[in-house]
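From first to last, the protein sequence lines stand for chains A and B.
FYI, numbering that gives the first Met the number 0 numbers position 136 of the first sequence as 135, with every residue one higher than the one before it.
FYI, numbering that gives the first Met the number 0 numbers position 119 of the second sequence as 118, with every residue one higher than the one before it.
Here is the structure we will look at.
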Amino acid sequence: MLELINVSKTFNANTENEKKALTDINLKVDNGDFITIIGSNGAGKSTLFNAISGAFPVDTGKITLDNDDITFLPDFKRAKFIGRLFQDVKTGTAPSMTVEENLMLASGGGHWLSIGGRTEKAALRERVAALGLGLEDRMKTPVGLLSGGQRQAISLLMATLNPPKLLLLDEHTAALDPAAAEKILEVTERTVKEYNLTCLMITHNMSSALSLGNRTIMMTDGRIIFDTKGEERSSLTVDDLLLKFKANSGKALDNDRILLS
Amino acid sequence: MDFGDILGIIQSVTELGLISSLTVLALFLSYSMLNVCDLSTDGCFTLGAAVGAVVALSGHPYLSIPAAMAAGVLSGFVTAFLQTRMGINSLLSGIIVNTGLYSVNIAVMGGASILNLNKTETVFTKVKALLENTFLDGWQKVIVALVAVILILIFMVIFLKTRLGLAIRATGDNTEMVRYSSINPVFTTTVGLCVANAFTALSGCLLAQSQKFSDINMGQGIVTVALASLLIGGSIFSRASVKVRAIGAVAGAIIFRLVYAIALRFQMPSYMLKLVSAVIVIFAIFIPYIKKQYPMLAKRIFRRKEA
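What follows is the structure, given as C-alpha cells:
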C-alpha cells in the first residue's frame with residue numbers, strides 16, 4: 000500500500016541550524032492498517048506526514064502509494080488519495096463558507112462548472128447526520144461559527160467523503176476538550192472501520208495509542224525505533240510502552256502534552 | 000431645481016452607478032471572494048476603454064464589448080501569472096501590470112492619449128436607434144448599463160455556486176484547505192482574476208462609449224472609487240448570503256454616485272471625488288478594525304487610571 004524507502008529529510012542543510020528531521024525512514028503500511036504513532040517532541044512525526052502528503056520534496060528515498068511512485072507529486076495532486084487532519088481545527092475548513100458549501104467542495108464530484116443539486120445536498124446532509132452531532136440542522140451555518148469539535152468533525156467528514164487510500168491524522172483531537180476529543184475519536188474509529196480506511200494517527204494519548212488500531216510505531220530523532228503489532232502489541236501496557244521507548248531511544252519519552260491514562 | 004433637473008440627476012446617477020458597478024462586481028470577486036487586492040484595476044479599466052473605442056472606431060460597435068472583455072481576461076491572466084508563478088507579491092504584481100498597461104493602452108489607441116468617439120457608432124447609439132419613438136426614448140445609457148449589470152450579476156451568482164466558484168471563495172478563505180481538497184490554488188486564483196478583469200474592462204468600455212471618448216487617464220484611481228462603493232454595499236449587507244452581497248455591491252456603487260451627485264449640488268468641487276473615495280475606504284476598513292481593537296484599548300486605559 001504505502002511504502003517509504005530510505006526517506007531522509009534535512010532542514011537548513013549545511014548551516015548552523017541544520018536539523019535532520021527524518022533519517023532513513025523505511026515503513027511499509029499494509030492495506031487496512033491503522034497505525035498509531037507516538038514519540039517525543041520534535042521526533043519527526045509531523046515531518047513524516049508532511050513527507051507523505053507532499054508538503055516538501057524529500058532529500059533522498061522513494062515514496063510509493065499502491066505501487067505508484069508519488070515521491071515528487073505536488074501536494075494538491077496527492078490530496079486526491081491522501082486525506083489529512085491537523086491538530087489546528089481551523090486548517091481543514093473554509094470558515095466563512097457554510098457547512099454545505101465546504102462539503103460540496105470536498106465531495107469533488109462532477110465538472111468544474113457543476114452546481115450541487117438537491118440530491119447531492121440531501122446525500123451530504125445524510126452523511127452529516129451520520130456523525131451523530133446534530134449538525135445536519137446547521138448545513139447553512141458558516142463553519143467559522145461552529146465549535147472546535149464540530150469543525151473537526153466536518154473536517155474529518157470532508158477528508159473521508161470520497162474514501163481516501165490513506166488517512167493521516169496529526170493529533171487531530173489534541174486541541175479539543177476531553178468530551179469533544181472522545182467524540183471525535185469515536186467518530187474517527189467508526190469512519191475508519193466503515194470504509195476500511197488505511198490510517199496513520201499521531202497521538203499523545205498513550206492509552207489510545209494502544210487501544211486504537213492494529214499497529215503502533217515509536218519515533219525519536221527522525222527515526223522509527225519501535226514497531227509493534229499483533230500479539231506482542233496486545234499484551235503491552237502503557238508502562239511497557241514507556242519502558243520500550245526508554246530502552247530503544249536511551250531516554251525517557253519527553254512530550255509536553257503526553258497523556259498517560 | 001425643477002422636475003427635469005431631478006430626472007436628469009437620477010438618470011446620470013443610475014447610468015454612472017450602473018457602469019461603475021461592473022468594476023465594483025469585479026472587486027467583489029477579486030477582493031471580497033479571492034482576497035486579492037488587484038491594483039491593476041486602474042490600467043485594466045482604461046484598457047477596456049481603449050480596446051472598446053478602437054474596435055468601435057473600426058466599425059464594430061457590438062464586437063467592441065467581447066473584445067474589451069477579452070483584453071481584460073488577458074490582463075488578469077498576466078497579473079495572476081506574476082503572483083502565482085513568478086513569486087511576485089500580489090500587490091506588486093498589480094502595480095507592475097498597471098504601469099505596463101499605461102504604455103499598452105497608448106499603443107492600443109495608436110499612440111494617442113485621447114480617442115474621440117463623437118461621430119462613432121457605439122453600443123449606445125445602436126440602442127438609441129432601437130428605442131426611438133418608444134417610451135424609453137433617450138434612456139439608452141441606463142438601459143444598456145442595466146442589461147449589462149443584470150447579466151453580469153446573474154452570471155456571478157451562478158458562477159459562485161459552481162464547484163469552481165466555491166473553490167475560488169475557499170481560496171480567499173483558506174488556501175491550505177483548497178490544496179487539501181485536491182484543487183490547485185494557482186488555478187483558482189488565475190480564473191478568478193481573469194473573470195474579474197473581464198468585468199473591469201467591460202466597465203471601462205461602456206464608460207468610454209457612453210461619454211464618447213477614451214482617455215489614457217480615465218481609469219486613474221478607479222480601484223479606490225470602486226472599493227469605496229464595495230465597502231458601502233458591504234456595510235449594508237454584511238452578514239448576508241453571497242447573492243445578496245453581490246447585489247449589495249451594485250447598490251453600493253449607485254449609493255456612492257448618488258451621494259457624490261448630491262455633494263456636487265452643494266458646491267463640492269468635482270475634483271474632490273477621489274479624496275472622498277479615499278477617506279471612505281479608510282474609514283470603511285478602519286471602523287471594523289477599531290471595533291475589534293477597542294476592548295483592549297479600553298482595558299488598557301482603565302487599568303492605568305486605577306494604578
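A virtual CB, placed ideally from N, CA and C, is assigned to each residue, including glycine.
Query	Result
Identity of the residues DSSP links to N305 (chain A) by a beta bridge	Because residue 305 (chain A) is not part of the residues shown, which for chain A are 0 to 260, the question remains open.
Delimiting residues of the alpha helix (DSSP H) encompassing I215 (chain B)	Here I215 (chain B) belongs to no alpha helix (DSSP H), and DSSP marks it neither H nor E.
The stretch 196-213 of chain B contacting the stretch 141-154 of chain A, beta-carbon criterion three pairs below 8 Å	no
Distance between beta carbons of F33 (chain A) and H171 (chain A), contact taken as under 8 Å	No, H171 (chain A) and F33 (chain A) are not in contact; Cβ-Cβ is about 14 Å, not under 8 Å.
Which listed residue (A:S7, A:F48, A:A20) has its alpha carbon closest to that of M200 (chain A)	A:F48
Rounded C-alpha distance that separates I18 (chain B) from Q208 (chain B)	11 Å
Length of the line joining the Cα atoms of P268 (chain B) and D41 (chain B)	22 Å
Inter-residue Cα distance where the pair is N213 (chain A) and L235 (chain A)	12 Å
Nearest-angstrom Cβ-Cβ length linking L26 (chain A) and I223 (chain A), presumed shorter than 8 Å	7 Å
Interface flag, I69 (chain A) vs chain B, CB-CB below 8 Å	no
Within-8 Å CB hit, R214 (chain A) to chain B	no
Cβ-based contacts, 7 Å cut-off: residues of the stretch 175-198 of chain B near chain A	E175, M176, R178, Y179, S180, S181, I182, N183
Within the stretch 197-252 of chain A, ranges of the alpha helix (DSSP H) (whole runs, at least 4 residues)	205-210, 229-233, 237-248
Where T40 (chain B) falls: helix, strand or coil (DSSP)	helix
Segment limits, alpha helix (DSSP H) that includes R77 (chain A)	74-77
Per-residue burial, V141 (chain B) [other beta carbons within 10 Å of its own, 16 or more giving buried]	buried
G82 (chain A), enclosing beta strand (DSSP E) - first and last residue	81-84
One or two residues paired with N115 (chain B) in a DSSP bridge	B:F212
Residue ranges of each alpha helix (DSSP H) within the stretch 82-144 of chain A, 4 or longer	98-106, 117-129
Amino acids of chain A, ordered along the chain, whose beta-carbon sits closer than 7 Å to that of N104 (chain B)	By Cβ distance, chain A contributes nothing, its closest Cβ being about 32 Å from N104 (chain B), past 7 Å.
Cβ contact (3+ pairs, closer than 8 Å) linking the stretch 208-219 of chain B and the stretch 240-253 of chain B	no
Straight-line gap, I62 (chain A) to E99 (chain A) (C-alpha atoms, nearest Å)	34 Å
Three-state class that DSSP yields for E170 (chain A) in the structure shown	coil
Length at least 4, wholly inside the stretch 139-183 of chain B: the alpha helix (DSSP H) runs in chain order	139-158, 162-172, 174-179
Beta-carbon proximity check, M103 (chain A) vs G91 (chain A), cutoff 8 Å	no
Members of the stretch 35-56 of chain B near chain A, C-beta cut-off 9 Å	none
The stretch 155-166 of chain B: positions lying closer than 7 Å to chain A by Cβ	K160, T161, R162, L163, L165, A166
Contact set between F48 (chain A) and chain B, taken where Cβ atoms lie within less than 8 Å	The contacting residues do not exist; F48 (chain A) stays about 12 Å from chain B at best.
For F27 (chain B), the first and last residue of its enclosing alpha helix (DSSP H)	Looking at the DSSP string, F27 (chain B) is not in any alpha helix (DSSP H), and its letter there is neither H nor E.
Cβ-Cβ distance between L38 (chain B) and L90 (chain B) below 8 Å	yes
Neighbourhood of M218 (chain A) by C-beta, 6 Å cutoff - its chain only, sequence neighbours within 5 removed	G38, A42, G43, K44
Minimum Cβ-Cβ distance from R168 (chain B) to chain A less than 8 Å	yes
Where the stretch 82-99 of chain A meets chain B: residues whose CB sits under 7 Å from a CB there	R83, T90, G91, T92, A93, P94, S95, M96
Nearest-angstrom Cα separation, counted from A166 (chain B) out to E175 (chain B)	12 Å
For I51 (chain A), the first and last residue of its enclosing alpha helix (DSSP H)	44-52
Alpha helix (DSSP H) segment containing G33 (chain A), residue limits	One point to set straight first is that residue 33 (chain A) is Phe, not Gly, in the sequence displayed. Careful: F33 (chain A) lies outside any alpha helix (DSSP H), inside the beta strand (DSSP E) at 33-38.
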